[in-house]
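Shown next, in structure tokens, is the structure this report addresses.
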Amino acid sequence: MADKCDLCLLELIILSSLLTGISGVDDHVFISSGENVRLSCNNALSGCKSTTWTYYNRFRHSETVELITLGIKNKDTERLSLESDCSLNIKNVTEEDYGSYSCQQWTDVNGRQPGSDERVYLHVLHVSVFPSSSSSSSSSSQTEISPGRSVTLSCQLYLYTGFSCADQVRSEGFELLWVNQAGVDLKTDSRYQILSSSDQDRCIIITLTTTLLNEDDNREWRCQLTHRNQVKTSVRYTVKYSAQADSTTALNPVHITHSQDPSTINTHVSKGTSSLSFSHQCFSEHNARVIFSVNSSKYDFHI
Numbered sequence: 074m075a076d077k078c079d080l081c082l083l084e085l086i087i088l089s090s091l092l093t094g095i096s097g098v099d100d101h102v103f104i105s106s107g108e109n110v111r112l113s114c115n116n117a118l119s120g121c122k123s124t125t126w127t128y129y130n131r132f133r134h135s136e137t138v139e140l141i142t143l144g145i146k147n148k149d150t151e152r153l154s155l156e157s158d159c160s161l162n163i164k165n166v167t168e169e170d171y172g173s174y175s176c177q178q179w180t181d182v183n184g185r186q187p188g189s190d191e192r193v194y195l196h197v198l199h200v201s202v203f204p205s206s207s208s209s210s211s212s213s214s215q216t217e218i219s220p221g222r223s224v225t226l227s228c229q230l231y232l233y234t235g236f237s238c239a240d241q242v243r244s245e246g247f248e249l250l251w252v253n254q255a256g257v258d259l260k261t262d263s264r265y266q267i268l269s270s271s272d273q274d275r276c277i278i279i280t281l282t283t284t285l286l287n288e289d290d291n292r293e294w295r296c297q298l299t300h301r302n303q304v305k306t307s308v309r310y311t312v313k314y315s316a317q318a319d320s321t322t323a324l325n326p327v328h329i330t331h332s333q334d335p336s337t338i339n340t341h342v343s344k345g346t347s348s349l350s351f352s353h354q355c356f357s358e359h360n361a362r363v364i365f366s367v368n369s370s371k372y373d374f375h376i
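Sequential numbering of the sequence shown, starting at 74, is according to the working numbering.
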């Protein structure tokens, strides 16, 4: 009987921890990749010389990484900086940055300031596009593609907690949605194929697949993260058709210009990056000169 009571008590403790989750005393920050974030340190002492910032992600590192030690930056990167109030700034956040950050206070190298550490959990929302474009990066909110092509947008939530992703998503009510500019869920439109999945790093993955139409130029789609029906962050993605792609598919008009000499006719034809120039000079009934060039090569004939 005692064993059963102990087991019930253990289950209650686990359930209580799961329900506490994001709503507990620890600070949870939700951010979209490509943005800048500021992680607060509310237990800092004046001057930040006693402040140490550490980072841990059990999926990425086996040990805790010290980013700031006693107010001095350890990692040689422009993305990290320390504010005057000892907050940690991270520029251009990537999906690699999600995890647990801890702000610690040390009175000297041998002793820690009394009191608990200030822990901040950073959760990152990231969107990638397939097929990718050479003019856009994975952190870009815009991609250059063309009508008639199929495109897939993958929105991924990198959620870091002390528990499994599935348990956290269920207990906390996290949800990812693809919506249009008016905020309407795209699941209601049969034009879009929307699928959900997950893995160890990414608690929720939601993909949107569609075939692009001419009217999609400058159209915006948004991946939206909600927590208990409240929007936490979102990533906008804008479709932009390339004008260069359009110009290479059509032959430019032929331009014929007459010089001051009525016996000379100049003609120029271009298509994409190729061009042909043609010049004809008539000297007499039986004597003429023809000059033409293709791209950078020039040819001169007397006939």
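All C-beta atoms in this analysis are idealised placements derived from N, C-alpha and C, irrespective of residue type, glycine included.
Bear in mind that the values here come from a model prediction, so they are computed numbers and not experimental data.
Give me the DSSP bridge partner(s) of residue i.
i, result
"VAL166", "VAL166 pairs with nothing; no bridge assigned."
"PHE203", "THR225"
"CYS296", "TRP251, VAL308"
"SER269", "ILE279"
"GLN303", "HIS300"
"ASP258", "VAL252"
"LEU195", "VAL102, GLY172"
"TYR378", "Nothing about residue 378 can be read from this structure; the chain reaches only from 74 to 376."
Between residue i and residue j, what straight-line distance do the alpha-carbon atoms span, to the nearest angstrom?
i, j, result
"VAL342", "PRO220", "Note that VAL342 has pLDDT 38, beneath the 50 cutoff, so the model's placement of it is unreliable and the number below is only indicative. Their backbone Cα atoms lie some 27 Å apart in a straight line."
"VAL242", "ILE104", "17 Å"
"ARG111", "PRO204", "33 Å"
"LEU153", "GLN229", "24 Å"
"ALA239", "THR282", "24 Å"
"HIS134", "THR180", "27 Å"
"ASN165", "SER106", "7 Å"
"ILE145", "ILE277", "36 Å"
"LEU298", "LEU226", "15 Å"
"GLY256", "TRP126", "38 Å"
"LYS305", "ASP149", "31 Å"
"THR322", "ASN287", "Because THR322 sits at a pLDDT of 32, beneath the cut-off of 50, its placement in the model cannot be relied upon, and the point is left open."
"LEU198", "THR234", "15 Å"
"CYS296", "SER271", "16 Å"
"ASN116", "GLU139", "18 Å"
"LEU143", "PHE132", "26 Å"
"SER263", "VAL252", "13 Å"
"PHE247", "ARG309", "19 Å"
"GLN266", "GLN177", "46 Å"
"GLN254", "VAL102", "25 Å"
"ASN130", "ASN109", "20 Å"
Once you ignore the five residues that flank residue i on each side, which residues in its own chain have a CB closer than 8 Å to its CB?
i, result
"GLU156", "ARG111, ASN162"
"ILE141", "THR124, THR125, TRP126, ASN147, LEU153, LEU155, LEU161"
"GLY94", "Residue placement at GLY94 cannot be trusted, given a pLDDT of 42 that sits under 50; the coordinates are not used to answer."
Using a Cβ-Cβ cutoff of less than 6 Å, which residues in the same chain neighbour residue i once the five nearest sequence positions on both sides are dropped?
i, result
"ASN302", "none"
"ILE279", "CYS228, LEU249, SER269"
"SER113", "SER160"
"SER175", "THR127, ASP190, ARG192"
"VAL312", "ASP289, ARG292"
"HIS300", "PHE247"
"THR167", "SER106"
For residue i, which residues in the same chain have their Cβ closer than 7 Å to its Cβ, ignoring the five residues on either side in sequence?
i, result
"ASP170", "ILE163, LEU195, VAL197"
Would you say the beta carbon of residue i comes nearer than 8 Å to a heavy atom of the ligand ZN?
i, result
"PRO204", "In the structure on display, the ligand ZN does not appear, and there are no ligands present to speak of."
Worksheet item: What are the uninterrupted segments assigned as beta strand (DSSP E) that are 3 or more residues long and contained completely in the stretch 96 to 181, given in chain order?
Response: Restricted to the stretch 96 to 181, the beta strand (DSSP E) segments that are unbroken, complete and at least 3 residues in length are 100 to 105, 110 to 112, 124 to 129, 138 to 142, 153 to 155, 161 to 163, 172 to 181, listed in chain order.
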